[in-house]
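My numbering puts the sequence shown at residues 14 to 505.
Please read the structure below before turning to the comments.
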Amino acid sequence: MLANMSQWLTLSRAAHLLGISRVALQKRIREGELPSFDGMVAADDLQRIWPELDLEESGSFEKTRAIREDAFARRMRERILPTQEALAQRLFAQGQELAELQRTLTRYHRLFETLRARLDTGPAPAADQLLRLLDEGLAQALAAPAPAGDVAALDAMLRVMSAHVTVKPSGHEFFVEGSETLLKAALRAGLTPNYGCGNGNCGLCKARVVTGEARPVFASDYRFSEAEKAQNHVLMCACTALSSDLVLEVLEAGAPEDIPEQRIVAKVRSVDALSDEIMRLHLQTPRSNRLRFLAGQRVTLGLSAGVAGGSDLHAEFPVASCPCDDRNLIFHVGRRVASADSSQDFSQAVFDGRIKAGADISVWGPWGRFVLEEDSSRPLVFVAIDAGFAPINSLIEHAIAVDAAESISLYWASTQPGGQYLPGQCRAWAAALDEFSYLPLAADELPAALAHNAALPLSDIYLAGAADRVQPQAAALLADGVPPRQLHVETL
Ligand code: FES
C-alpha cells in the first residue's frame, strides 16, 4: 500500500511533466533525495524538489498557461459550444480543485495517523493535550492552498493532452500527444515496434490492447480475424489513445536481425553542400513504404543507369537521421578522390549534380550492427572522425529520444581544419542537455584527448570514420583497458 495519499506518478510521467529526463529522476532517487515506492514518485515530493520556478521552465506550465490565455480570448466569441481550448481550461481548473482536495485529504490522513500513533504508543494523552494536537493538525490540514503551477493540477491537465502508453513485455513507455497515431508516437520516443506500410494495409503493426482504450483516426482496409477482434487487437498506425493510460502488447525489434531486409524507391528531396567536402542528400520515402531501420545502420543507395548517365551506380551509406522520422532519410556524402572511373562513383554523381531533387533512388537494407546497446546504462561516448559523424548523429538523436544514458560525450575529430560540418547542431545539444559534452578537435589531437578520459573503460564507446583512422584508434582504446564488448566500431 502507498505510504500516503499524495498523488503518485510513474517515473516517465513525472519526467514528462517536469520536462527533464527519466535518468535525472533516477539519479535523485539513487542519491536518496527523491523517495520512490514501487517505481512511483509522489507529486508532493516533486513539488518540494522542483518548486514552481522549475515547473515554469519545464514548458509544462507554459503549455497550460498558453491554453488558458487562448481560451480567455476566445471566450467572448463562443456562445453555444465551448472550444477545445475552453474545455481544456475548465479541465485545468477542475484539476486544481481536485488537487487541493487531495492535498487536504492527505493532511487529514496524516493527522489521523499521528493521533493513532500517539494513542498506540505510550500512555493515553490527557483531554487538553488531545485537543491541542487536534487543533494543530486541523490548522495544518486547512492551511492556505499551494501556489498555482501545482504538480498534481498540471498532471491532470497533461493527462488530457497526452496519453501515457506502457508497452509489454519490454516495459518501454511513451506519450501520445494530441491525436497522433500510436505508431508515430512510439517511433518519436525511439521505440522499434514492428510495422510495414504505415497506412493500415499490411497489418504488421498489430498490437493488443491489454488495458485502456484506443480508437481509429482513419478507416483502414486491414481485416482482423475474429480471434484478433476478441483479443482487442488494433493497428498502431491507424489508432490513437483514448484513455490517458494505455497498456499495449507490441512486437518490438530488439536487434538488427529483427528488422527485415527492405527494398524501396525514394525520391530525392534536396541535395545541398554542408561543406566543400560533404553533401547532404535528403530522400523521402513514399507514405505507404517507409524504411524501417535501427539508428546507426547503413543502406545501399542505387541510381539507375538512365539517371547516372551510363551504368547503374550503387554505394553503401550510413543513415544520418533518426528512425523516429522514417520517411525522411538523410545521408552525409563525402567527396571522393577523383579517379579514372570516378563517373562510376555514386558520391561523384552527388557532387557533380547528376543526382537532383525529384530523382528516384533505390534504397536497400538496412545493414550493420553499429546500433545502441539497449540494455546498457553506462555513459555513452561517441567518437566521430570526419563523415563518421553521420551514423553518430543518428545514434545520438536516438539516445536522446530514449533517455539512454546519464551522460553523453561527443568527440568529433576532423582531418581538415574546421571540418566539423554541423557544429551548430552539436553545440545546440550541449546547450540543451545538462549531461552532454561536445569537443571538436583535429584528428591528430584525438588520441591524447581520449587518453585523458579516465571514464572510458566504464563507458560504451561508439567510434566511426574511415578505416585507416578508426582502426588504430580502436586498438589504442582496447590497449588502454576498454573492454571489447563496450567498443563499437563502424568503418566508412
Ligand atoms: S503498418 Fe501496415 S497496417 Fe500498420
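We treat Cβ as the ideally placed atom computed from N, Cα and C, and that holds for glycine.
Quick caveat: nothing in here was measured; it's all calculated off a predicted structure.
Taken in chain order, the complete alpha helix (DSSP H) segments of 4 residues or longer contained in the region 182-213 are 195-201. With fewer than 16 other CB atoms across the displayed protein chains lying within 10 angstroms of its CB, S238 is exposed. For E239, the enclosing alpha helix (DSSP H) covers residues 239-243. Apart from the 5 residues on each side of it in sequence, N341 sits with its Cβ closer than 7 Å to the Cβ of H295, Q297, S334 in its chain, given in chain order. For M53, the CB contacts under 8 Å within the same chain, skipping 5 residues up- and downstream, are L15, W21, L22, T23, L24 in chain order. With a cut-off of 7 Å, the C-beta of C252 is classified as distant from the ligand FES, since no heavy atom of the ligand falls inside that distance. Using a cutoff of 7 Å, the CB of N245 does not count as near the ligand FES, since none of the ligand's heavy atoms is closer than that. In this structure, C337 has its CB at a distance of at least 7 Å from all heavy atoms of the ligand FES.
Counting along the chain, G478 sits inside the beta strand (DSSP E) bounded by residues 473-478. Here Q142 is exposed: its Cβ has fewer than 16 other Cβ atoms, across all protein chains shown, within 10 Å. Here L259 is near A176, since their CB atoms are less than 8 Å apart.
DSSP places H465 in the coil class of the three-state scheme, outside both helix and strand. The C-alpha of K40 lies about 29 Å from the C-alpha of E113. Counting the other Cβ atoms within 10 Å of the Cβ of T224 gives fewer than 16, which makes it exposed.
A Cβ-Cβ distance of about 16 Å is found for the pair P379 and A477, leaving them out of contact under the 8 Å criterion.
In terms of CA proximity to A254, E226 leads the group T119, E226, E265.
When beta bridges are read from the DSSP output, Q275 appears opposite G378. If you check the C-beta of M174 against the ligand FES, you find no heavy atom less than 7 Å away. Fewer than three beta-carbon pairs drawn from the region 458-474 and the region 429-439 are found closer than 8 Å, and the two stretches are therefore not classed as touching. Sequence-distant Cβ neighbours of E448 in its own chain, meaning closer than 7 Å and more than five residues away, are E419, S420, I421. R172 sits in a helix when the DSSP states are folded into three classes. L408 is positioned such that its CB atom lies no closer than 8 Å to that of A492. No residue range can be given for L505, since it is assigned to no beta strand (DSSP E) and is classified by DSSP as neither H nor E. Membership of L30 in the alpha helix (DSSP H) is indicated by the continuous run 24-31. The alpha-carbon separation between A140 and L118 amounts to approximately 25 Å. Minimum Cα-Cα distance from S450 among the listed residues G437, L423, A461, P436 corresponds to L423. Here I42 has S49 as same chain residues with Cβ atoms under 6 Å from its own Cβ, once five neighbours each way along the sequence are excluded. If you check the CB distance, L261 and C218 do not come in under 8 Å.
Residue pairing by DSSP puts L261 in a beta bridge opposite V180, V222.
Relative to L314, the option among S360, G494, E241, D338 whose CA is nearest is S360.
Secondary structure of W63 (DSSP, three-state): coil. DSSP places A443 inside the alpha helix (DSSP H), whose first and last residues are 436-445. Close CB contacts of R311 within its chain, under the 6 Å cut and outside five residues either way in sequence, are with E329, P331, W380, G381 (chain order). Scanning its chain for C-beta atoms nearer than 6 Å, with the 5 sequence neighbours on each side dropped, one finds no residue around R129. Per the coordinates, the alpha-carbon of S183 lies some 38 Å from the alpha-carbon of D373.
Sorted by position in the chain, Y208, G209, C210, G211, G213, N214, C215, G216, L217, C218, Y235, L248, C250 make up the residues whose C-beta lies under 6 Å from a heavy atom of the ligand FES.
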